[in-house]
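Here the sequence shown stands for residues -21 to -1, 1 to 750, where the numbers follow mature numbering (1 follows the signal peptide of the UniProt record, and there is no 0). Glycine residues also receive a C-beta, built at the ideal position from the N, C-alpha and C atoms. Just so we're clear, the structure is a prediction, and the values are computed from it rather than from any experiment. Here the structure is laid out as structure tokens; the discussion comes afterwards.
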Amino acid sequence: MLPTRLFVPGLTIVSSLLVSAESIDGITALATRLFKGHGDEFEFTLTANNERPSRWNPPKNDNYTVSSKNGKIHIEGTTLSALARGLRHYSVDSLQLDEFLFAESHATIPDKLPLPTQSLSRTSVVPWRYNLNTVTFSYSFVWYQWEDWEKLLDWAALRGTNIQLAWVGFEKVFLDSFRDLGMTDEEIIPFFSGPAFQAWNRFGNTQGSWGGVGNLSSAWIDSQFELQKKIVARMVELGITPVLPAFPGFVPPAFSRVQPDANTTKAPRWTGLPDANTRDTFLSPLDTSYARLQQAFISKQIEAFGNVTNIYTLDQFNEMPPTSNEPSYLSQVSTYTYKALTAANPAAVWLLQGWLFLNSGLWTEERVTAYLGGPEGHNSMLVLDLYSESRPQWQRTKGYFGRPWIWCQLHDFGGNMGMYGQISDITVQSMDALRTSPSLSGFGMTPEGYEGNEVVYQMLFDQAWTTTPIDTSGYFYGYVVRRYAGVSQTNSLFQAWDILRQNVYDNKDRQVPCVGVGIYQNAPSLSGLVNRTGNWPPPTKVYYDPATLKKAHSLLIQAASEIPQLWDIPTFQLDVVDVTRQVMSNAFNTMYTDYVQTFNSQLSHQKRQLSNRGELQRRDDFATKGKQLLDFLTDLDGVLATNQHFRLDSWLDAAQYWAKQTGANDLIAFNARSQITTWIWESEALNDYAVKEWSGLTRSYYRGRWSIFVDGLNKALASRKLDEAAIHNQIRTFEKSWQYRGFQSEEASTATAAIKDVLPGMMEKWQSVFK
């Protein structure tokens, strides 16, 4: 017999397994937001009573139908998520209206919405449509306000997302739970990492703040928890099951004061960080205090948010080996972890990121089997195959040995912004997996950062509602129609995007498995930057012919000459900036290669000869090439400055909002600058991991480093002596000073010109780049 009540100390919570009267008010409100006040022209009907997903009740494929009824647009579906997906189906079919993440739609909404001319219906091909990576909350969402979350949640709901990580405000739950054990704030809060690094603190990879700018403030902790309440409530309204955090097992160093006999171990050092900021203390799940803390974590969230979910995220060995590799130990750890989770919520499902299994040398078949086999019940765990499009683990683990799992597209590391996609993989491979793995239960988006390439994200969500691999040609055609809705369109637009589809967005080079970065975004060096592959350090290899991107760029500009109204559309403005900066980034790679080859040749030549007039002329020519590199970065910055999405001050302004709210000005300013540049001064392991293509950052930081490099090479030719270590140290000193500039406005983008006004002069000046 299933339990009817969930016991939590001090609380009496009615079980959430049966939801007999779901409200459609949240979907009506979604329609009102999407159609600017026309929500009352829709009628929504739920055709099924839905039990909340649990280990006893896995989800089923859902469906919807859109029709006209009683003079209204009638959408009926089996779930709230299906209703939201049906709403988008009507929107794109009847009005060519779609919502986009980084720019507003330009589609015209009529005074009276048209009734659908035919019935529209779909059935999902997978029960789960999952969204978000644990680290997305740091790389992209750390400074989000409610308005940002509202837009993201609407975007996700309209694409049929029905399960999403809800990880904001974790520190409040942690703080209150350890307070209950008798620990003081002075013992707990210094354990937390700064706002932009909290994801890794929650994993047990990092501990404490760094940079000498103070600890996380209580005001930040409280304000983020209040934001989480709004996020979770909205998710429930939209039919998105929140995945809430469970207690993973990492405790502050002072935990031993209140639990001196607890079974704890030191986690290994992570990614070269100093011991003071890593090597977290791990509490064994076999220890009785682990279950007590798990009970506190779950009950405090039920008290705050209501009994809204049975699914909890819990990752214990993220990029770190366990205390023991013995299968018996691994089985015990997962067994007792899940026992503690179900003691707190008997219906609980453990959501596990399968990222740890990429270390196949450590996680052998025997060890994976032992770890996944610990929890009782087939549906007690749900595994994210986090990097399915490039590094799938589901085949070697035989579909995670029967555990339900989700095929995920990771795509982006660190919020890097290069144009990139693997559309053949996310359409064909995902459907092949569905056909061959009986335990596949969903498709999911798990980018480390949401910063661009939106078409590949929504494509995977749409694949979840299509029984065969999506025809990418037709899909891109429809995407262009909706993206530039509101104006007549020309073949030049479709040709440009088809070039992008076949080249930039269909990478088949397995050596380049993720979004790449430009060489100019890396710390300057004479070697190690060109044609880099793999996912870390970020790839710099361009896997397509750069000339094809130039052609796509030319076609976009041609389309605007044919239809000048395109320049008024926010999505077109953003896309032109995006393609322009990628063309320029590719060109910098070529300029850099020529520059380095010239230096090496001249230095070798000068070491063999005495100074003469020819040598002076060669030095002057080399200095001219260095100046050209720096001028090029200045002009690239000018292109980026024309759009808010590509500006550093957008990031800093968002961070400063929270600084003002919480009074943690120095900490937040330092975090905002260091995460996108050097992370932590004592280690270079994560330098330039989360690079961004932003105006202000390009002009002040990237150009600043390259200026030091160019000056150093000029001096090396003059003295016939190269001291690379000295140049590197100067760059490091500059990097550190840049982190401490606070919110000063010297990097603010001052350009007021539009991209259409900047481009002609840019293309004339750099003709070889664009032709």
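### Query
Out of curiosity, what's the CA-to-CA distance linking L479 and A526?
12 Å
#### Entry: Exposure of H53, with buried meaning 16 or more beta-carbon neighbours within 10 Å
buried
### Query
Since P224 is in the beta strand (DSSP E), which residue starts that stretch and which ends it?
220 to 224
### Query
Going by beta carbon distance, what residues of the same chain come within less than 8 Å of F567, once the five residues before and after it are set aside?
G497, I498, Y499, L608, F611, L612, L615
### Query
Comparing alpha-carbon positions, which option in G721, Y574, E672 lies nearest T646?
For the record, residue 646 in the displayed sequence is Leu; it is not Thr. When each option's Cα is compared against that of L646, the closest is G721.
### Query
Considering only residues of the same chain and omitting the five flanking positions on each side of T57, which have a CB-CB separation below 6 Å?
T26, A27, D41, N42
### Message
Is it buried or exposed, A145, if we count other Cβ atoms within 10 angstroms and call 16 or more buried?
### Response
buried
### Task
At 3 residues or longer, and completely inside the region 289 to 334: list those beta strand (DSSP E) runs for me, N to C.
290 to 292, 328 to 332
### Query
CB-CB under 8 Å to Y463, same chain, minus the five flanking residues each way: which ones, in chain order?
H85, L472, L545, I548, T550, F551
### Query
Are three or more beta carbon pairs between the region 99 to 108 and the region 441 to 453 nearer than 8 Å?
yes
### Message
Distance check for R598 and R678, CA to CA, integer angstroms please.
### Response
25 Å
### Query
DSSP beta-bridge partners for T243?
L262
### Task
Just the C-alpha distance for P169 and L195, rounded to the nearest angstrom, thanks.
7 Å
### Query
For G394 versus E430, is the C-beta spacing smaller than 8 Å?
yes
### Query
Alpha carbon to alpha carbon, what distance is there between W476 and L621?
Checking the sequence, you will find Thr at residue 621 rather than Leu. Each residue's Cα considered, the two are about 22 Å apart.
### Message
Given a cut-off of 8 Å on the beta-carbon distance, is the pair Q186 and S117 in contact?
### Response
no
### Query
Can you tell me the Cα-Cα spacing of A241 and T316, whole angstroms?
16 Å
### Task
Below 6 Å CB to CB, which residues in the same chain sit around E368 once its five sequence neighbours on both sides are set aside?
Q388, Q401, D404, I405
### Message
Restricting to runs no shorter than 3 residues, where is the beta strand (DSSP E) found entirely within the region 669 to 709?
### Response
none
### Task
Quick one: using the 10 Å Cβ neighbour count with 16 as the cut-off for buried, is P300 buried or exposed?
exposed
#### Entry: N- and C-terminal bounds of the alpha helix (DSSP H) containing W179
177 to 182
### Query
Applying the criterion that 16 or more other CB atoms from any shown protein chain within 10 Å of the CB defines a buried residue, is Q274 buried or exposed?
buried
### Message
Beta-carbon within less than 7 Å of E305's beta-carbon, same chain only, minus the 5 sequence neighbours each way: which residues are those?
### Response
none
### Query
In chain order, which continuous runs of the beta strand (DSSP E) of length 3 or greater are located wholly inside the region 83 to 146?
99 to 102, 107 to 110, 142 to 144
### Query
Tell me the DSSP bridge mates of D485?
Q401
### Query
Where do the N-terminal and C-terminal ends of the beta strand (DSSP E) with V362 fall, by residue?
360 to 364
#### Entry: Completely contained alpha helix (DSSP H) runs for the region 591 to 668, where each covers 4 or more residues
592 to 619, 627 to 641, 644 to 654
#### Entry: Nonlocal neighbours in the same chain, by C-beta distance under 7 Å from T220, ignoring five residues either side
P32, N141, I142, T288, I290
#### Entry: C-beta atoms of I687 and I710 nearer than 8 Å
yes
### Query
Can you tell me whether DSSP reads K750 as helix, strand or coil?
coil
### Message
Would you call the region 151 to 169 in contact with the region 200 to 214, where contact means no fewer than 3 C-beta pairs closer than 8 Å?
### Response
yes
### Query
Bridge partners of V230, per DSSP?
T260
### Query
How about the region 618 to 637 and the region 114 to 128: do they share at least three Cβ pairs that are nearer than 8 Å?
yes
### Task
Report yes if the C-beta distance between Q374 and L337 is below 8 Å; otherwise report no.
no
### Task
Could you tell me if A732 is buried or exposed, where buried requires 16 or more neighbouring beta carbons within 10 angstroms of its beta carbon?
exposed
### Query
Is it right to say residue 753 is buried, meaning 16 or more other beta carbons lie within 10 angstroms of its own, or is it exposed?
Given that the chain is displayed from residue -21 to residue 750, the structure contains no residue 753 and the question cannot be resolved.
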